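Oh and the sequence shown: position 140 is 140 in full-length UniProt numbering, straight run, nothing missing.
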Amino acid sequence: MKAQPKASHFVNGDWLEDTAGAPIEVIYPGTGETIARLHAATPAVLEAAIAGAVAAQAEWGRRRPVERARVLMKAVEIIRARSEELALLETLDTGKPIQETRVADWPSGADALEYFAGLAPTVTGETIPLGGDFAYTIREPLGVCAGIGAWNYPSQIACWKAAPALALGNAMVFKPSEVTPLGALKLAEILIEAGMPAGLFNVVQGRGEVGAALATDPRIAKVSLTGSVPTGAKVYAAAAAGMKHVTMELGGKSPLIVFEDADLDSAVGAAMLGNFYSSGQICSNGTRVFVQRSVKEAFLSRLAARTAKIVAGDPLADETQFGPLVSAAQHDKVLGYIEKAKAEGARLVCGGSAGNEGPLFVQPTVFADVTDTMTLAREEVFGPVMAVLDFETEEEVIARANGTEFGLAAGVFTADLARGHRVIGQLAAGTCWINAYNLTPVEMPFGAVKASGLGRENSRAAVEHYTQVKAVYVGTGPVDSPY
Ligand code: NAD
């Protein structure tokens with residue numbers, strides 16, 4: 001199997017290679033075989049990408065928003081027309097089952113492009129009457145934004161960042177994760193085909209150093225990172241030194257609270273989606289499932305029965321519901337957490353070891369009787385490992401759910417909607433669900449509080465993060481001066 005792109009980078013409307021850059025080997029996680037060989041960006045590649053973006057942005061930022069929107073809508077059309085080819089590439093890049101990549105990854109990316117194409121022409125400033133004189137505001141693009149991606153949703157992340165950035169008149173230099181470098185290149189190619197001027201969306205490959213070079217370059221006005229909390233802290237600090245805008249979409253250890261009056265089958269289904277979809281490699285996953293004690297055993301038995309039926313296997317097969325982890329490093333890290341949970345006394349309900357479908361599989365795993373102090377309840381695993389904790393009272397579970405440095409997401413299952421709203425109102429999380437989990441339509445803001453990040457992606461809220469306000473005072477009479 002091969003998925004070798006024409007070159008490592010896509011810069012200023014064309015493929016660009018510089019074999020002096022450190023090699024990056026791309027593996028297909030389904031089998032572990034190498035499917036592409038790329039090179040990290042050298043200083044020359046980065047210079048071409050940033051300088052090209054600066055040059056292209058000047059004209060693009062002055063265009064009428066509807067003209068920019070038209071280009072993005074064309075890209076949406078191309079993405080939807082090529083959905084099968086794009087789903088296949090995403091599966092090769094990530095190892096996620098094709099039944100997921102057909103409905104989740106590029107389709108969500110296309111939604112973002114469509115949404116921001118529609119929204120951009122409606123973005124206006126305001127006029128402020130000042131008794132004769134007046135002021136007005138203009139929402140201007142920031143300039144050149146850097147996008148730095150994680151490996152779990154590589155194409156969706158590229159689209160979620162590129163869509164508001166480009167629709168609102170910015171350029172973007174995007175660095176995908178070195179683990180999954182292929183999808184963003186495809187987006188760059190599609191945007192050019194859709195009529196986007198060269199240089200507005202440049203893709204450069206590389207590891208942390210390349211991301212750091214973007215975060216420190218004075219020509220970059222904003223950095224939008226999707227990644228882990230430790231990386232976020234570094235990138236935020238680097239951006240602060242240059243007074244850059246940031247959006248930080250980082251890790252989590254989100255609570256999913258199941259009250260005794262909940263529809264248990266829905267709660268079990270949501271807990272499974274929020275721990276096993278994409279083999280658990282989703283930032284907003286509800287990895288601490290708090291179940292009210294009176295329904296705990298019923299919840300666990302239904303969960304175990306349904307988990308046993310999950311179809312794991314070849315990610316390219318239509319029937320496969322569960323694939324491998326993205327890399328050997330992630331596979332080993334997840335198994336390490338499983339061993340630690342066993343050693344710390346959590347009760348293994350199902351799974352608990354490597355899968356035999358391929359070298360990078362880990363079984364969907366559930367631990368019960370997890371306590372707040374266990375490593376499994378405190379650290380982000382980023383794999384298919386669910387921790388079930390039990391609780392007695394509403395007050396208790398709110399305090400325990402909030403007892404973490406993270407604050408990405410939270411969910412509540414209950415038939416008592418007053419309670420649902422009351423509990424969500426007290427949870428420290430940026431993205432929440434009541435009687436649902438992990439649904440992230442583009443119309444809804446997505447983001448975090450506390451160590452899990454800041455800024456918001458998607459929705460109108462993203463406009464704040466890809467534009468800045470210029471205020472203009474207009475004098476209408478003679479200047480009244482004491483001098
Ligand atoms: P990571 O932090 O290791 O890497 C993220 C990106 O940052 C990569 O492109 C990497 O090359 C780059 N990078 C690393 N060091 C850098 C530096 N010093 N300066 C600039 N860039 C640097 O994360 P990962 O392992 O790729 O992804 C998994 C993490 O991402 C998890 O913690 C997960 O929760 C998080 N995530 C968050 C969201 C969200 O929207 N909140 C979505 C997906 C993933």
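Note that CB positions come from ideal geometry on N, CA and C, so glycine has one too. In this text the structure is predicted, and so the values were computed from the model without any measurement.
(request) Report buried or exposed for P482, applying the criterion of at least 16 other Cβ atoms within 10 angstroms of its Cβ. (result) Counting Cβ neighbours within 10 Å, P482 comes out exposed, since fewer than 16 surround it.
(request) Counting only the same chain and skipping the five closest in sequence on each side, list residues whose C-beta sits under 8 Å from that of E344. (result) Excluding residues up to 5 positions away in sequence, M374, T375 and L376 lie with their Cβ nearer than 8 Å to the Cβ of E344 in the same chain.
(message) Am I right that S177 and G149 are in contact with their C-beta atoms under 8 Å? What's the rounded C-beta distance?
(response) For a cut-off of 8 Å, the C-beta gap from S177 to G149 is around 5 Å, short enough to register as a contact.
(message) Which of the three DSSP states is assigned to N275 in this structure?
(response) Of the three classes helix, strand and coil, the one that applies to N275 here is helix, per DSSP.
(request) Please name the residue in D261, A55 and E77 whose C-alpha comes closest to that of F201. (result) Of the listed residues, the one whose Cα sits closest to F201 is A55.
(request) State the Cα-Cα distance for the pair G453 and W106, rounded to the nearest angstrom. (result) W106 has its alpha-carbon roughly 24 Å from the corresponding atom of G453.
(message) In the DSSP output, what is W60 paired with across the bridge?
(response) According to DSSP, W60 bridges with nothing at all.
(message) Taking DSSP's pairing of strands, which residues face R288 in a bridge?
(response) Per DSSP, P255 and A387.
(message) Are the CB atoms of G323 and G13 within a distance shorter than 8 Å?
(response) No, these two residues do not count as a Cβ contact at 8 Å.
(message) Is W151 a contact residue of ligand 1, with contact defined as CB to any heavy atom under 7 Å?
(response) Shortest gap from the CB of W151 to any heavy atom of ligand 1: under 7 Å.
(request) Verify the contact flag: A212, CB atom, against every heavy atom of ligand 1, threshold strictly below 7 Å. (result) Answer for A212: yes, Cβ within range of ligand 1.
(message) Is E178 close to ligand 1? I mean its beta-carbon at under 7 Å from any heavy atom of the ligand.
(response) Taking 7 Å as the cut-off, one finds at least one heavy atom of ligand 1 near enough to the beta carbon of E178.
(message) Bridge partners for V362 per DSSP, in chain order?
(response) According to DSSP, V362 bridges with A354.
(request) Buried or exposed for H39, please, with buried defined as at least 16 other CB atoms from any protein chain shown within 10 angstroms of its CB. (result) Buried.
(request) Run through the region 63 to 139 for me and flag every whole alpha helix (DSSP H) of 4 or more residues, listed as ranges in chain order. (result) Runs found: 65 to 81, 83 to 94, 98 to 101 and 105 to 119.
(request) Sort D480, V123 and S224 by Cα distance to V469 and report the nearest one. (result) Checked all of D480, V123 and S224; the closest Cα to V469 is V123.
(request) State yes or no: is the C-beta of V235 nearer than 7 Å to some heavy atom of ligand 3? (result) The ligand content of the structure shown is limited to ligand 1, which means ligand 3 is not among them.
(message) Nearer than 7 Å: is that true of the beta carbon of K175 relative to any heavy atom of ligand 1?
(response) Because some heavy atom of ligand 1 lies under 7 Å away, the Cβ of K175 counts as near it: yes.
(message) Closer than 8 Å is the cut-off here; do at least three beta carbon pairs connect the region 272 to 285 with the region 57 to 65?
(response) Because the criterion of three Cβ pairs below 8 Å is not met, the region 272 to 285 and the region 57 to 65 do not touch.
(request) Flag R378 as yes when its Cβ comes closer than 7 Å to any non-hydrogen atom of ligand 1, and as no otherwise. (result) In this structure, ligand 1 has no non-hydrogen atom nearer than 7 Å to the beta-carbon of R378.
(request) Give the single residue among R70, A428, Y28 and F361 whose Cα lies nearest to the Cα of E405. (result) Looking at R70, A428, Y28 and F361, the one whose alpha-carbon comes closest to that of E405 is A428.
(request) Compute the Euclidean distance between the alpha carbons of D390 and A401, then round it to the nearest angstrom. (result) Distance between D390 and A401, taken at the CA atoms: about 11 Å.
(request) For V246, name the three-state secondary structure that DSSP assigns. (result) Three-state DSSP puts V246 in a strand.
(request) Report yes if the C-beta of A110 is less than 7 Å from at least one heavy atom of ligand 1; otherwise report no. (result) Taking 7 Å as the cut-off, the C-beta of A110 does not count as close to any heavy atom of ligand 1.
(request) For my contact list, F116 and P164 are in at a C-beta cut-off of 8 Å; report their separation, rounded to the angstrom. (result) With 8 Å as the limit, F116 and P164 qualify as a contact, their Cβ atoms being about 5 Å apart.
(request) Answer yes or no: the CB of E100 versus the heavy atoms of ligand 1, is any distance below 7 Å? (result) Because no heavy atom of ligand 1 lies under 7 Å away, the Cβ of E100 does not count as near it: no.
(request) Could you have a look at A232 and say whether DSSP puts it in helix, strand or coil? (result) It should be pointed out that residue 232 corresponds to Gly in this sequence rather than to Ala. Of the three classes helix, strand and coil, the one that applies to G232 here is helix, per DSSP.
(message) Is G453 near ligand 1 - that is, is its Cβ less than 7 Å away from at least one heavy atom of it?
(response) Relative to ligand 1, the nearest heavy atom lies less than 7 Å away from the CB of G453.
(message) Less than 8 Å between the C-beta atoms of L225 and A3, yes or no?
(response) Contact: no.
(request) Would you check if there are 3 or more beta carbon pairs closer than 8 Å linking the region 208 to 216 to the region 144 to 163? (result) With a cut-off of 8 Å, the region 144 to 163 and the region 208 to 216 count as touching, because enough Cβ pairs lie within range.
(request) Tell me, please, which residues DSSP counts as bridged to residue 490. (result) With the chain covering only 1 through 483, there is no way to say anything about residue 490.
(message) Pop quiz: N435 and G420 are said to be a contact at Cβ under 8 Å. What is the actual Cβ separation, rounded to whole angstroms?
(response) Yes, they are in contact, since the Cβ atoms of N435 and G420 sit about 7 Å apart, within 8 Å.
(request) For L38, name the three-state secondary structure that DSSP assigns. (result) Looking at L38 - three-state DSSP - the assignment turns out to be strand.
(request) Quick one: give me the first and last residue of the beta strand (DSSP E) that W15 is part of. (result) The continuous beta strand (DSSP E) containing W15 extends over residues D14 to L16.
(message) Given 7 Å as the limit, tell me if G227 has its C-beta closer than that to any heavy atom belonging to ligand 1.
(response) Look at G227: its beta carbon is less than 7 Å from one of the heavy atoms in ligand 1.
(request) Please state if the CB of A304 and the CB of V370 are separated by a distance shorter than 8 Å. (result) Here V370 is not near A304, since their CB atoms are 8 Å or more apart.
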